Amino acid sequence: MSLEFLSDEWFAKVKEIRDGAGDVETPAALADLVINITVSGDGGDKEMALVGGMIEEGHHADAPTTMILPADLAKRIFIEGDQSAGMQGFMSGQIRIEGDMSKLMALQTAQPSADQVALMKQIQEVTA
1 MSLEFLSDEW FAKVKEIRDG AGDVETPAAL ADLVINITVS GDGGDKEMAL VGGMIEEGHH
61 ADAPTTMILP ADLAKRIFIE GDQSAGMQGF MSGQIRIEGD MSKLMALQTA QPSADQVALM
121 KQIQEVTA
């Protein structure tokens, strides 16, 4: 069963997977990190947040940084784990940053834990 990336059903399934995983080990660099993400697409903007290395639906009021990017690029970065796509998107102007840009450095340097890798694999498997 594949669900459309960023659809309400997809967010619900991601939450179900995340909740089912229990306590997921997170690298120290990501543990307290909160970044809002606005994904632009044909159906309008979708808001999500990266909280402690985990994707959540909606923005967080206390996030010091917001990343704005197109849906195809968001999928490559956050679902497929393509870090080079993030750098290319930033350099080409497809990614805009509002707020504290230094918070993004943690994303660049942190290596996901084995728990996070397993969780992302499950999310990849349900994402169309």
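For the sequence shown, position 49 matches number 49 in full-length UniProt numbering, and the numbering has no gaps at all. Note that CB positions come from ideal geometry on N, CA and C, so glycine has one too. Small disclaimer: the values here were computed from a predicted structure and weren't measured.
C-alpha distance - D23 paired with P70, whole-angstrom precision: As a position in the sequence shown, residue 23 is number 23, starting the count at 1. As a position in the sequence shown, residue 70 is number 70, starting the count at 1. Each residue's Cα considered, the two are about 31 Å apart.
Span of the alpha helix (DSSP H) around V24: By one-based count along the sequence shown, residue 24 stands at place 24. Unbroken run through V24: none, as it is neither H nor E.
Pairwise C-alpha distance: T26 and A114: For the purposes of this step, residue 114 is taken as the residue at position 114 of the sequence shown. For the purposes of this step, residue 26 is taken as the residue at position 26 of the sequence shown. Taking the straight line from one Cα to the other gives about 9 Å.
Option nearest M105 by Cα separation, candidates I35, Q94 and F5: Within the sequence shown, residue 105 is the residue found at index 105, counting from 1. Comparing Cα positions, the closest option is I35.
Which listed residue (I97, M91 and V51) has its alpha carbon closest to that of K15: Counting from one through the sequence shown, the residue named residue 15 turns up at place 15. Per the Cα distances, V51.
Given S102 as reference, the closest of T65, K121 and G81 once Cα atoms are compared: What you label residue 102 is simply residue 102 of the sequence shown in a count that begins at 1. S102 has its Cα closest to that of T65, out of T65, K121 and G81.
Beta-carbon proximity list for G13, same chain, < 6 Å, skipping 5 on both sides: Sequence index remark: in the sequence shown, residue 13 carries index 13 (1-based). The question names Gly, yet the displayed sequence has Lys at residue 13. Scanning its chain for C-beta atoms nearer than 6 Å, with the 5 sequence neighbours on each side dropped, one finds around K13 the residues L3 and V126, in chain order.
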